[in-house]
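Quick mapping for you: the protein sequence lines, in order, are chains U and Z. With my numbering, letter number 98 in the first sequence gets 111, and the count goes up by one each step, no holes. With my numbering, letter number 246 in the second sequence gets 259, and the count goes up by one each step, no holes. Ideal placement from N, C-alpha and C gives every residue a C-beta, glycine not left out.
2 protein chains.
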Amino acid sequence: MSALTLTTLLEFPLVEPGDNLVDQLLASLDITAVALKDDDVLVLAQKIVSKAEGRYGYLNETQPSEAAIELARSIDKDPRLVELILEESVEVIRQRRGVVVVEHRLGYIHANAGIDKSNISSDENNPRVLLLPLDSDASAARLRQALAERIGKNVHIIINDSAGRAWRNGTVGMAIGTAGFEPLESLIGEEDLFQRPMEVTEVAVADELAAAASFMMGQADEGSPVIHIRGAKLRPSKQGSRSLIREKSKDMFR
Amino acid sequence: MSALTLTTLLEFPLVEPGDNLVDQLLASLDITAVALKDDDVLVLAQKIVSKAEGRYGYLNETQPSEAAIELARSIDKDPRLVELILEESVEVIRQRRGVVVVEHRLGYIHANAGIDKSNISSDENNPRVLLLPLDSDASAARLRQALAERIGKNVHIIINDSAGRAWRNGTVGMAIGTAGFEPLESLIGEEDLFQRPMEVTEVAVADELAAAASFMMGQADEGSPVIHIRGAKLRPSKQGSRSLIREKSKDMFR
C-alpha cells in the first residue's frame with residue numbers, strides 16, 4: 014500500500030538568531046519519537062530559518078528612499094516597511110492598498126517580498142519585521158549536509174512559505190528552498206493509461222509537499238514550524254528550487 | 014502526536030459514463046483495507062467524476078464558431094478543441110501558442126478550460142476529450158450524501174485537478190469541488206505566538222489537501238485517482254468551494 018505520513022514535530026523551541034537548527038531539529042525529532050530514515054522529508058517554515066539567520070529588518074533603522082516614500086503613499090503602508098520590501102525585490106509587479114506584489118530577488122513573485130510581522134517578538138520601541146532567508150536553497154543544502162554528517166541519513170529538505178495566488182483566495186504553502194531532490198518532476202517521455210504521451214509534462218512536487226506541510230503547520234494550536242514526511246518517492250538531485258520559478262520570458266501575467 | 018496520513022486507494026477501476034462512483038469507492042476502500050471514519054477526507058481526481066458523468070466532447074461532432082476558428086489560428090490549436098474550450102468558458106484571459114487561459118464557467122482561471130486528452134480512451138476515427146464536471150461542488154455533495162446514506166459516515170469530499178500557476182513551473186493540485194468542510198479557513202480574530210492579531214487571515218486548506226493528494230496520485234505507477242486522508246481537522250460547513258475563487262473586482266492580474 015502506498016501511503017504518505019506527515020507528522021508535526023513537537024516542542025520545537027522559539028528560534029533566536031544564531032541558533033543551531035540542526036540541534037533543535039534532532040531534539041524535536043527525539044521528543045516526537047521520530048527516527049529519521051533515508052529519503053524522509055523535513056519541511057521547515059521559512060520563519061525559523063530566517064530567525065536563525067537573524068534576518069530581521071528594524072523599522073527605526075530604515076531610511077526610506079524617495080521611491081519607497083512615493084509607493085508607500087499610494088498604497089497606504091509604512092514607508093520604512095516599503096523600503097525593506099523594495100530592497101528585497103528586483104521588480105514591482107502590481108500594487109494596491111496595503112499590498113505590493115514584487116519579484117523577490119530570489120525570483121519568486123510574492124506579496125510584500127515575503128516580509129512578515131506575525132509570530133515575531135518585537136519591541137514596541139524598536140519594531141522589527143522578518144525577511145526571507147538570504148538564499149533558501151543554500152540554507153536547505155546546509156541543513157541536509159549537516160544532518161548527513163551528524164546522523165548519517167540522507168534526507169530531503171524543503172523550506173516553505175505561505176503565499177497568495179493570483180486568482181484564488183487564501184494562502185497555500187510553496188517551496189522557496191529545497192535540497193536533495195528534483196522539485197519539478199518531468200513526465201516527458203512517459204505514457205498515460207492508454208499508452209499515449211502525457212500532455213501535462215511537469216509536476217511541481219516540492220510545492221505539493223510544501224502545501225501539505227503548510228496545512229499541518231496551520232492545524233497546530235501551538236507553533237509547529239517543522240513537519241516530517243515519510244513515504245514520498247522523490248528523485249534525487251543536487252539542484253535547488255530555481256526550476257520552480259517561471260522564466261520572465263514565459264510569464265503571461267506581467 | 015498530530016499526524017496526517019494519505020493512502021492511495023488500490024485497484025480503482027477505469028470509469029465509464031454512468032458508473033456508480035460510490036460503489037467503486039466502497040469496493041476500492043475494501044481492497045485497500047481502509048474502513049472510513051467520520052471526518053476522513055476522500056480526494057477524487059476530476060477525471061473520474063467527469064467520466065462517470067459522461068462529460069466527453071467529440072471533436073468530429075463539434076462545429077467551431079468564427080471566434081474559435083480565429084483564436085485557433087492565432088494559437089495554433091485544433092479549432093474544434095478551441096470551440097469546446099470557449100463553450101466551457103466565460104472569458105479569455107491570456108493566450109499564447111498552444112494554450113489559452115480562460116475563466117471557466119465555474120469561476121476558476123484555468124488553461125484550456127481544464128479540458129484534457131490524457132488518460133482518456135479515444136477512438137481515432139472519433140477523437141474525444143474530457144471536460145470538467147458540470148458542477149463539481151454538486152458532484153462532491155452528492156458523493157458525500159450517498160456515502161452517509163450507505164455507510165453512515167460523514168466524510169469530506171474534495172474533487173481536485175492539476176493546474177498551472179501564473180509564475181511557477183509545473184502543475185499542482187487544486188480543489189475544484191468540495192463538500193462537508195470550510196475550504197477557506199479564516200484566522201481573523203486569532204492571535205499569533207505573541208498574542209498579536211494574525212496578519213495572514215485566510216488559508217486555502219482545501220487547496221493544500223488537494224495538492225497533497227495530487228502528489229500521491231502522481232506517485233503511483235498505475236492510475237490512482239482516489240486518495241484517502243485521515244487526521245485533518247476540518248471545520249464543518251455546508252458551503253462548497255466557491256469561496257476559494259477570488260472575485261474579479263479583487264483580481265490584480267487581468
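Endpoints, the beta strand (DSSP E) within which Arg-41 of chain Z is located: According to the sequence displayed, residue 41 of chain Z carries Ser and not Arg. Where Ser-41 of chain Z is concerned, there is no enclosing beta strand (DSSP E), although the alpha helix (DSSP H) around it starts and stops at 34 to 44.
Inset, instruction - With 9 Å as the threshold, decide whether the Cβ of Asp-205 of chain Z is near any Cβ in chain U. - result: Cβ-Cβ to chain U under 9 Å: yes for Asp-205 of chain Z.
Is it the case that the region 164 to 173 of chain Z contacts the region 183 to 193 of chain Z, given that we only count it when at least three CB pairs across the two stretches are under 8 Å? Taking 8 Å as the limit for Cβ pairs, the verdict is that the region 164 to 173 of chain Z does touch the region 183 to 193 of chain Z.
- Message: So, does the region 244 to 260 of chain Z touch the region 194 to 202 of chain Z, judging by three or more C-beta pairs under 8 Å?
- Response: yes
Requested in this report: Would you kindly report the start and end of the unbroken beta strand (DSSP E) that includes Met-229 of chain U?
Outcome: No beta strand (DSSP E) holds Met-229 of chain U; the alpha helix (DSSP H) holding it covers 218 to 232.
Tell whether a beta-carbon distance below 9 Å holds between Arg-267 of chain U and Val-54 of chain U. Not closer than 9 Å, so no.
**Report entry** Interface positions of the region 103 to 131 of chain U facing chain Z (Cβ-Cβ less than 8 Å), listed along the chain
**Finding:** Arg-107, Arg-109, Val-114, Tyr-121, Ile-122, Asp-129, Lys-130 and Ser-131
query = Expressed to the nearest angstrom, what Euclidean distance is found between the alpha-carbon atoms of Gly-236 of chain U and Leu-27 of chain U?
reply = 8 Å
Worksheet item: Skipping 5 residues on each side, what residues in its chain have a beta carbon closer than 6 Å to that of Leu-72 of chain Z?
Response: Closer than 6 Å at Cβ, skipping near neighbours: Arg-93 and Pro-140.
At a Cβ threshold of 9 Å, is Gly-190 of chain U touching chain Z? Answer no: the Cβ-Cβ gap between Gly-190 of chain U and chain Z never drops below 9 Å.
Checklist entry - Can you tell which of U:Asp-52, U:Ala-80, U:Ala-40 and U:Ser-87 has its C-alpha closest to the C-alpha of Ser-102 of chain U? => result If you compare the alpha carbons of U:Asp-52, U:Ala-80, U:Ala-40 and U:Ser-87 with that of Ser-102 of chain U, the shortest gap goes to U:Ala-80.
Neighbour-count burial assignment, Phe-228 of chain Z, 16 or more Cβ in a 10 Å radius: Flag for Phe-228 of chain Z reads buried.
Checklist line | C-beta neighbour in chain C for Ser-134 of chain Z, strict 9 Å | finding: Reference to chain C is not applicable here, since the protein chains of this structure are U and Z.
message: Run through chain Z and tell me which residues come within less than 8 Å of Lys-246 of chain U, C-beta to C-beta.
response: Gln-232
Margin query: DSSP has Met-187 of chain U in a bridge; who is on the other side?
Written below: U:Asp-174
Query raised in the report: Interface residues of chain U around Val-218 of chain Z at Cβ under 8 Å?
Result: Gly-183, Phe-228 and Gly-231
Taking the CB atoms as reference points, tell me whether Ala-225 of chain U and Leu-17 of chain Z lie closer together than 9 Å. Yes, the Cβ-Cβ distance between Ala-225 of chain U and Leu-17 of chain Z is below 9 Å.
* Asked: Name the DSSP bridge partner or partners of Pro-249 of chain Z?
  -> Z:Phe-194
First and last residue of the alpha helix (DSSP H) that includes Glu-83 of chain U?
79 to 88
Proximal chain U residues relative to Ile-258 of chain Z, where beta-carbon distance stays under 8 Å: Trp-180, Arg-181 and Asn-182
*asked:* Give me the DSSP bridge partner(s) of Ala-124 of chain U.
replied: U:Val-114
task: Determine the chain Z residues that contact Glu-101 of chain U at a beta-carbon separation under 7 Å, and present them in chain order.
output: What Glu-101 of chain U touches in chain Z: nothing, since even the nearest Cβ is about 16 Å away.
| request: Name the two residues that bound the continuous beta strand (DSSP E) containing Glu-100 of chain U. | output: Here Glu-100 of chain U belongs to no beta strand (DSSP E); instead the alpha helix (DSSP H) covers 92 to 100.
Original post:
How about Lys-60 of chain U and Asn-132 of chain U: do their beta carbons lie closer than 9 Å?
Top reply: For Lys-60 of chain U and Asn-132 of chain U, yes; Cβs fall inside 9 Å.
query = How many whole angstroms separate the CB atoms of Ser-135 of chain U and Gln-232 of chain Z, which I take to be in contact at a CB cut-off of 8 Å?
reply = Not quite, the Cβ-Cβ distance comes to about 42 Å (not below 8 Å), so this is no contact.
Leu-58 of chain Z lies in the beta strand (DSSP E); which residues open and close that run? Looking at the sequence provided, one finds Ala at residue 58 of chain Z rather than Leu. Run containing Ala-58 of chain Z: 54 to 58, per the beta strand (DSSP E) assignment.
Is the CB of Asp-264 of chain Z under 9 Å away from at least one CB in chain U? yes
Could you work out which residue in U:Ala-65, U:Thr-21 and U:Asp-91 is closest to Asp-36 of chain U when comparing CA atoms only? U:Ala-65
Query - Nonlocal neighbours in the same chain, by C-beta distance under 8 Å from Pro-77 of chain Z, ignoring five residues either side - result: Once the five neighbours on either side are set aside, the close Cβ partners of Pro-77 of chain Z are Ala-85, Pro-92, Arg-93, Val-95 and Glu-96.
According to DSSP, which residues form a beta bridge with Leu-143 of chain U?
U:Tyr-69 and U:Asp-129
*Considering Ile-164 of chain U, what are the terminal residues of the alpha helix (DSSP H) in which it resides?*
149 to 164
Could you confirm whether any beta carbon from chain Z is found closer than 9 Å to the beta carbon of Gly-70 of chain U?
-> Not closer than 9 Å to any Cβ of chain Z, the Cβ of Gly-70 of chain U fails to qualify, so no.
Looking at the unbroken beta strand (DSSP E) that takes in Thr-20 of chain Z, where does it start and where does it end?
16 to 21
What residue range does the beta strand (DSSP E) around Ile-240 of chain Z cover? 239 to 243
Sorted by chain position, which residues of the same chain lie with C-beta nearer than 6 Å to Arg-112 of chain Z's C-beta, five sequence neighbours on each side aside? According to the sequence as given, residue 112 of chain Z is Val; it is not Arg. Around Val-112 of chain Z: Ala-124.
- For the candidate residues U:Arg-248, U:Ser-250 and U:Ala-223, whose alpha-carbon lies nearest to that of Ile-240 of chain U? U:Ala-223
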